[in-house]
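Student: Residue numbers (the numbering used here), protein chains in the order written: chain A, 3 to 418; chain B, 225 to 773.
Would you mind keeping the following structure in view while I ask a few things?
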């Protein structure tokens, strides 16, 4: 029985499975990388869509095309922002004068993952079970969870479980499915968004989740943009032009490749000279002096401070409930942008315990999802029809009284 | 009003669910307050130059005769009109003082003492924060009227020349009113800005002395007394309107030319049933004489003389003519007579009502501003309800479930202790546990109920989301229209977000698909500007919605 766990992220997704021999969660590598960009590209000629790394490559490089129109043609076929914008009542336009629903778009993504996993990790065995994670804020909007479930079903999975991201992170970190007597503060600083959540596991293994706090426009991308602005100013002061040929626009190859690489280098403490190849076609080359650590701090601090403020508020919320037995026993960091050293520094000042960087900072959530996916067989449970209250079981697809679909139906009972 | 009704139904569903659970006392008061808030009347602020015919406009718009209510146009205070009955009919106005004193009911004489511009009057007016009138007119149940006479209340050129105008106390009062009006108009659900017609060359005079701080999201311009203009041809009026619309894109969503006098007169004649009779009488004048002689009140209402003889020969003696005009201002009568002469009765009525613009104003207020405010308000309330439900689901319910597991364990321990302890003791323990911890079955049904309520809340919010997104889109568009490449793009997005209720987006699928893709490409290119990205994301979403229909 092949099972995987998917961390469906705003900018990047990761996938894990349980290694049969070691019984440990292992991330799946897609073309050598653990993170897959959550992106689809539909080519103009209406052929098969490019997914993940392939789409991202097209996206990164498209503005090196001969003309702006060519670049636009590529950009108009890029579908990104699936997690942020998913909706039941909107469609996505693709080449060929067609449009698809968000369910269909996400299912294409899931299908790609499924097929790749079957080929590389399970030696052709069909993947039947999946656990997809979702941010706690989706609890307010159940239709988004429904979209994820339907997309997974459309992609061909039989057993579909959903799990909250901070809980998955906790499971991935501890390596166990059942956690007891722990209050965890989870700081998730990702590519596009920031979330801080608190989960408390009690002595029975049941967990409560406080209302999470977060910023849907605060992530690694924003820091890339800030660095791009700094460079743009330097280019303007020395060469009298912006990096991009067009007013008020960004030049994607520099934003996506150079900014990101420099950001990662500077996070590791490497500050060095850098060459900027300006469009069109590297007609102008500018050598940038390395930034000083202080300048880098100035760029990064406003964004980190936003996350720190939200974390402070969350901690205050938890402390307010001390009488109810809520406490912070561990602080775990997940998400690529948590790698910035300033994050740990600043968190140390406000958290009751020092933050523990998770070993697999990028894949902890996916690991937890894989663990959860492998947990025990699903048994039919009692549930109730949401339309008329008839008592049903989770293996019944339709209500026996009113005939409407059973909201609590578990897809694992579908026949193949 | 559908959304308000649905919101209240949702809240009552949540309350009835809570009444079956142990959580009711924690959330009941909060939910009841939310239900109350969802039905608050919308706020309509009237700003503008006082002598612009505000009273007649309000009378025609809402059917409230302000003169009867007791206020007069030149009162230098801010007036609120809410639904209700004044406790003491001889004291119809509630005075709210600046210094926070207890508000007190006052008489009409007090109001009279606020007329004019003498030093005492100004001093007294300065100490008042606002006046409140309780009027039992049904329309006030849905709309709270805020009358702000301050802005541009002095636009009389003659006055500007007197020393009194620059009297520091008067200047101070004008500034105070301007500031108060600004705060009010920002928070109001809709603002109507009234002015008499201004020639194209002096469009800025539309706003009088102080440029109010209003935004096209909730402000509507009204140009009154179009019937009084000397060159009141429709083309001239339309040109004036167009100039104003173009000059004040950011401040006014549109400008509507209005004649309250015509509206009022037509409605009155309709009620009296005398329109047909009037038409017959007017048509007694042969056409050539009508075109040449029927032009102004001097000729038509001449008691003795050549014109009198002329009209008498058409069968319209002096007394008849006087009764035809009755109490209508000449221009109003003229406009109505003209319409009745050349059109059929029904056509004339339709034309005149349309010309008067009142129904257009009503439609814009209701369809654009009020329904949007209500939708946003309900959306916010539903969001709070959702937060309560999620709190129940993620905190209260797991705690209950955990207690349940403990319950099972406790009962297990009690059962295992049979024979080791007194039976009565064990029974009372068992009874205590069973009574105080609900069993697992109920937990599952709670979970289902909460899920069902969350879905309902979600559906309701989805239906309102369109209005929220359009509102945010228009707001961002007003800020950032300079970042778009062409005027056509700005207009396309304005229509997309519903700025003009008569203009709809084309429904051709190929066009919609094309546009969404083009905007998608642009969105990718402007990532460095977060607000602009947000605007384009909304554009993408709106097209996505259109494609779904």
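Yeah, the Cβ is synthetic: ideal placement off N, Cα and C, and Gly gets one too.
Computed from a predicted structure; not experimentally measured.
(1) Name, please, each residue of chain A whose Cβ falls closer than 9 Å to the Cβ of residue 235(B).
(2) Could you give the first and the last residue of the continuous beta strand (DSSP E) run that contains residue 395(A)?
(3) With distances taken Cα to Cα, identify the nearest neighbour of residue 789(B) among 745(B), 594(B) and 628(B).
(4) Taking CB distances under 8 Å as the criterion, tell me whether residue 348(B) reaches chain A.
(5) Using a Cβ-Cβ cut-off of less than 8 Å, give me the residues of the stretch 620-647 of chain B that come near chain A, in sequence order.
(6) Along chain B, in chain order, which residues have C-beta atoms closer than 7 Å to that of residue 320(A)?
(7) Taking the C-alpha atoms as reference points, what is the distance between residue 587(B) and residue 315(A)?
(8) Can you check the stretch 510-596 of chain B for any alpha helix (DSSP H) of at least 4 residues that lies completely inside it and give the ranges in chain order?
(9) CB-CB under 6 Å to residue 378(B), same chain, minus the five flanking residues each way: which ones, in chain order?
(10) Is the stretch 128-136 of chain A close to the stretch 315-325 of chain A, with three or more CB pairs under 8 Å?
(11) From residue 375(B) to residue 556(B), what does the alpha carbon distance come to, in whole angstroms?
(12) Rounding to the nearest angstrom, what Cα-Cα distance links residue 619(B) and residue 384(A) in this structure?
(13) At a cut of 8 Å, does the stretch 207-222 of chain A reach the stretch 238-245 of chain A through at least three beta carbon pairs?
(14) Where do the N-terminal and C-terminal ends of the alpha helix (DSSP H) with residue 236(A) fall, by residue?
(15) Considering Cα atoms alone, identify which of 183(A), 410(A) and 167(A) is closest to residue 389(A).
(16) From this set, 300(A), 329(A), 226(A) and 110(A), which residue's C-alpha is nearest residue 353(A)'s C-alpha?
(17) What's the call for residue 560(B), buried or exposed, on a 16-neighbour Cβ count within 10 Å?
(18) How about residue 617(B): is its C-beta nearer than 8 Å to some C-beta of chain A?
(19) For residue 359(A), which beta-bridge partners are listed by DSSP?
(20) Got a sec: is the Cβ-Cβ distance from residue 99(A) to anything in chain B below 8 Å?
(21) Where do the ends of the beta strand (DSSP E) carrying residue 446(A) lie?
(22) Listed in chain order, which residues of the stretch 127-155 of chain A have Cβ atoms closer than 8 Å to some Cβ of chain B?
(23) Kindly list, in the order they appear in chain B, the residues whose Cβ is closer than 7 Å to that of residue 345(A).
(24) Using the DSSP secondary-structure output, state which residues sit across from residue 369(B) in a beta bridge.
(25) CB-CB under 7 Å to residue 451(B), same chain, minus the five flanking residues each way: which ones, in chain order?
(26) State yes or no: is the beta carbon of residue 768(B) nearer than 8 Å to at least one beta carbon in chain A?
(27) Got a sec: which bits of the stretch 648-681 of chain B sit with their beta carbon under 7 Å from any beta carbon on chain A, in order along the chain?
(28) What's the C-alpha gap between residue 432(A) and residue 121(A)?
(29) With a cut-off of 8 Å on the beta carbons, I'd call residue 357(A) and residue 189(A) a contact; round off their distance for me.
(30) Name, in chain order, the residues that DSSP records as bridge partners for residue 197(A).
(31) Rounded to whole angstroms, what is the Cα-Cα separation between residue 7(A) and residue 163(A)?
(32) Could you spell out where the beta strand (DSSP E) holding residue 5(A) opens and where it closes?
(33) Work out the CA separation of residue 228(A) and residue 399(A) for me, nearest whole Å.
(34) By the three-class DSSP mapping on this structure, what secondary structure does residue 441(B) have?
(35) Alpha carbons only, please: which of 9(A), 51(A) and 326(A) is nearest the one belonging to residue 38(A)?
(36) Please return the same chain residues whose Cβ sits closer than 6 Å to the Cβ of residue 773(B), not counting the five positions on each side in sequence.
Tutor: With the structure as the only source:
(1) Correct list: empty, because the minimum Cβ distance to chain A is about 16 Å.
(2) Going by DSSP, residue 395(A) is part of the beta strand (DSSP E) stretching over 393-395.
(3) Limits of chain B in this structure are 225 at one end and 773 at the other, which puts residue 789(B) out of reach.
(4) Chain A, which has no Cβ nearer than 8 Å to the Cβ of residue 348(B), makes this no.
(5) Hits within the stretch, in order: 622, 623, 625, 626, 629 and 630.
(6) Per Cβ cutoff of 7 Å: no residues; residue 320(A) is ~12 Å from chain B at best.
(7) Rounded to the nearest angstrom, the two C-alpha atoms are 45 Å apart.
(8) Along the stretch 510-596 of chain B, the alpha helix (DSSP H) occurs as fully enclosed runs of 4 or more residues at 511-517, 521-524, 530-537, 542-549, 554-566, 569-580 and 582-587, listed in sequence order.
(9) Low confidence applies to residue 378(B): its pLDDT is 42, below 50, so where it sits in the model is not reliable enough to give any reading.
(10) The count of Cβ pairs closer than 8 Å, one atom from the stretch 128-136 of chain A and one from the stretch 315-325 of chain A, stays below three, leaving the stretches out of contact.
(11) Residue placement at residue 375(B) cannot be trusted, given a pLDDT of 47 that sits under 50; what the coordinates show is reported in the next sentence. Between the C-alpha atoms of residue 375(B) and residue 556(B) there is a straight-line separation of about 28 Å.
(12) Taking the straight line from one Cα to the other gives about 22 Å.
(13) By the C-beta criterion, the stretch 207-222 of chain A is judged not to be in contact with the stretch 238-245 of chain A, since fewer than 3 inter-stretch pairs fall below 8 Å.
(14) Unbroken alpha helix (DSSP H) run through residue 236(A): 222-241.
(15) It is 410(A) whose Cα lies nearest to the Cα of residue 389(A).
(16) Of the listed residues, the one whose Cα sits closest to residue 353(A) is 329(A).
(17) It is buried - the Cβ of residue 560(B) has at least 16 other Cβ atoms within 10 Å.
(18) The beta carbon of residue 617(B) sits closer than 8 Å to some beta carbon of chain A.
(19) According to DSSP, residue 359(A) bridges with 335(A).
(20) Output row for residue 99(A): interface = yes.
(21) No answer is possible for residue 446(A): it lies beyond the span of chain A, which begins at 3 and ends at 418.
(22) Within the stretch 127-155 of chain A, the residues whose Cβ lies closer than 8 Å to some Cβ of chain B are 138, 141, 142, 143, 144 and 145, listed in chain order.
(23) Identification of chain B residues near residue 345(A) by a Cβ-Cβ cut-off of 7 Å yields none; the smallest Cβ-Cβ distance measures about 21 Å.
(24) Answer by DSSP bridge pairing, in chain order: 268(B) and 305(B).
(25) So the list reads 483, 485, 486, 555, 556 and 559, once near-sequence residues are dropped.
(26) So yes, residue 768(B) belongs to the interface.
(27) Taking 7 Å as the Cβ-Cβ cut-off against chain A, the residues of the stretch 648-681 of chain B that qualify are 668, 669, 672, 675, 676, 678 and 679.
(28) Beyond the ends of chain A as shown, which are 3 and 418, falls residue 432(A); an answer cannot be given.
(29) Yes, residue 357(A) and residue 189(A) are in contact; Cβ-Cβ is about 7 Å, under 8 Å.
(30) 190(A) and 216(A), per the DSSP bridge assignment.
(31) Their Cα atoms are separated by approximately 9 Å.
(32) For residue 5(A), the enclosing beta strand (DSSP E) begins and ends at 4-9.
(33) Going from the Cα of residue 399(A) to the Cα of residue 228(A) covers about 50 Å.
(34) Per DSSP, reduced to three states, the secondary structure at residue 441(B) is coil, with no helix or strand assignment.
(35) Cα-wise, what sits closest to residue 38(A) is 9(A).
(36) Excluding positions up to five away in sequence, the list is empty.
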